[in-house]
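For reference, the structure discussed in these notes is given below.
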Amino acid sequence: MKILYVTDHRKIFKASYGFISDYMNDLLFYGLYELFGDDVTDSTQIVSLYKDQQQQVDPKTIWGGFTAFWLIGDNKIDRTDIEQKIKHRYYDLVIYGAINRCDDYFRLVKKKYPANKILLVDGADETTLLPLHKKFPYFKRELTDNVKNTFPISFSIPEQKMRHAPVMEKEQMFGAIIPGVKETYTFREEQGYYDDYYRSYYGLTTKKSGWDCMRHYEILGNYCLPYFPGLEACPANTMHNFPRELVKQGMLLLHARQFNADRYQEVIDKLYQHTLDHLTTKAVAKKVIDTALSLQ
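Given below as structure tokens:
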């Protein structure tokens, strides 16, 4: 399948007041790249994904700096003659990875392609929908209601960033980071950040500007259980594949008279498997493609 993935880090930079990275946009593209390789074309190179761009990108322009960066080793994608290719319907699907930030080629695309082959992704923290959701398949990250032609989508974690060795022993009850307390944001290297969760039973995480947050997935990917106050208030269509019932079970263990390490291990094993099955970049991208195919 040939896919045009419309994006532009320069427009993302302007819309986000100085950051070229957009987790939803970037990680969905990477998941599609895992599925289809060079047959998926980022219309403007998502520079923060490519290893050969790491020395050219100002670190201050990438949000967070962990997990979602420098994932692609080669750079052989053909980005030439995109307008001509659109005119001749060279691509099977056109996906707008951040429709609220970049709509390049949109007038031409909607002229040449039927609506069901134009997918719009809205990864904004705000819950409002663009009017375009009425005309085109629309994937919304912070989706709160059941809306016709609109589908839930969430952040994800690259499988290559997940731990694959089973946990034998935990060393501390909670990871070091306390959301919102900047003094605890001490990690400068990704591996140290991951290691802290890996040796912890729980990682504290919370709702930020939106419910969905990369930290949830980084905790899960490191064989750690998210401790998520207020999770019960999260709308069903937001973080729709997040294993909230398992997380709640794991959180309750902390409040028992005696901590049951064996039961904890059962829960964390299930959480890790759920993450592999549903919350990786490839799994989320496959869900988007499966949804698109069901609309044909």
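In this note's numbering, the protein residues as written are 50 to 345. Idealized CB from N, CA, C, for every residue including glycine. Note that the structure is a prediction, hence the values are computed from the model and not measured.
(message) Distance check for residue 278 and residue 334, CA to CA, integer angstroms please.
(response) The residue you call residue 334 lines up with position 285 of the sequence shown. The residue you call residue 278 lines up with position 229 of the sequence shown. Those two C-alpha atoms are separated by around 29 Å.
(request) With DSSP as the reference, label residue 155 as helix, strand or coil. (result) The residue labelled residue 155 in the question sits at position 106 within the sequence shown. Reduced to three states, the DSSP call for residue 155 is helix.
(message) According to DSSP, residue 31 sits in a beta bridge with which residue or residues?
(response) Residue numbering for the chain in the displayed model covers 50 to 345; residue 31 lies beyond these limits and cannot be assessed.
(message) For a test of the three-state rule: what should DSSP assign to residue 321, helix, strand or coil?
(response) Start at 1 with the first residue of the sequence shown, and residue 321 comes out as number 272. Assignment of residue 321 by DSSP, reduced to helix, strand and coil, places it in the helix class.
(message) Once DSSP output is grouped into helix, strand and coil, what is the label at residue 295?
(response) Within the sequence shown, residue 295 is the residue found at index 246, counting from 1. Here residue 295 sits in helix by DSSP.
(request) Mark residue 258 as exposed unless 16 or more other C-beta atoms lie within 10 angstroms of its C-beta, in which case mark it buried. (result) As a first step, residue 258 must be located in the sequence shown, where it is residue number 209. So residue 258 ends up on the exposed side.
(request) With DSSP collapsed to three states, give me the class of residue 111. (result) Looking up residue 111 in the sequence shown gives position 62. The answer is coil: DSSP assigns residue 111 none of H, G, I, E or B.
(message) Suppose contacts are defined by Cβ-Cβ distances below 9 Å. Is residue 198 in contact with residue 180 by that definition?
(response) Stepping through the sequence shown from its first residue, residue 198 is reached at position 149. Stepping through the sequence shown from its first residue, residue 180 is reached at position 131. Contact flag unset, no.
(message) Comparing C-alpha positions only, which one of 116, 104, 138 sits nearest to residue 270?
(response) As a first step, residue 270 must be located in the sequence shown, where it is residue number 221. The shortest C-alpha separation from residue 270 is found at 116.
(message) Measuring only the C-alpha atoms, how far is residue 73 from residue 171?
(response) As a working note, residue 73 is residue 24 in the sequence shown. As a working note, residue 171 is residue 122 in the sequence shown. Straight-line Cα distance between these residues: approximately 8 Å.
(message) On the CB-based measure, 16 or more other CB atoms within 10 Å of its CB, does residue 98 come out buried or exposed?
(response) Residue 98 sits at position 49 when you count from the first residue of the sequence shown. It counts as buried.
(message) Restricting to Cα atoms, I'd like to know which of 261, 302, 169, 229 is closest to residue 274.
(response) The residue given as residue 274 occupies position 225 in the sequence shown. Minimum Cα distance to residue 274 is reached at 302.
(message) Whole angstroms are fine: how far does the CA of residue 233 sit from the CA of residue 76?
(response) The residue given as residue 76 occupies position 27 in the sequence shown. The residue given as residue 233 occupies position 184 in the sequence shown. Taking the straight line joining both Cα atoms gives about 26 Å.
(message) I'd like to check one pair, residue 154 with residue 132: are the Cβ atoms closer than 9 Å?
(response) Residue mapping note: residue 132 aligns to position 83 of the sequence shown, counting from 1. Residue mapping note: residue 154 aligns to position 105 of the sequence shown, counting from 1. Yes, the pair counts as a contact, with Cβ atoms nearer than the cut-off.
(request) Per DSSP, which residues does residue 194 bridge with? Please list them. (result) Residue numbering aside, residue 194 sits at position 145 when the sequence shown is read from its first letter. The partner list for residue 194 (beta bridge, DSSP) is empty, contrary to what the question assumes.
(message) Please report the straight-line C-alpha distance between residue 68 and residue 54, rounded to a whole angstrom.
(response) Position 19 of the sequence shown, counted from the start, is the residue given in the question as residue 68. Position 5 of the sequence shown, counted from the start, is the residue given in the question as residue 54. Taking the straight line joining both Cα atoms gives about 19 Å.
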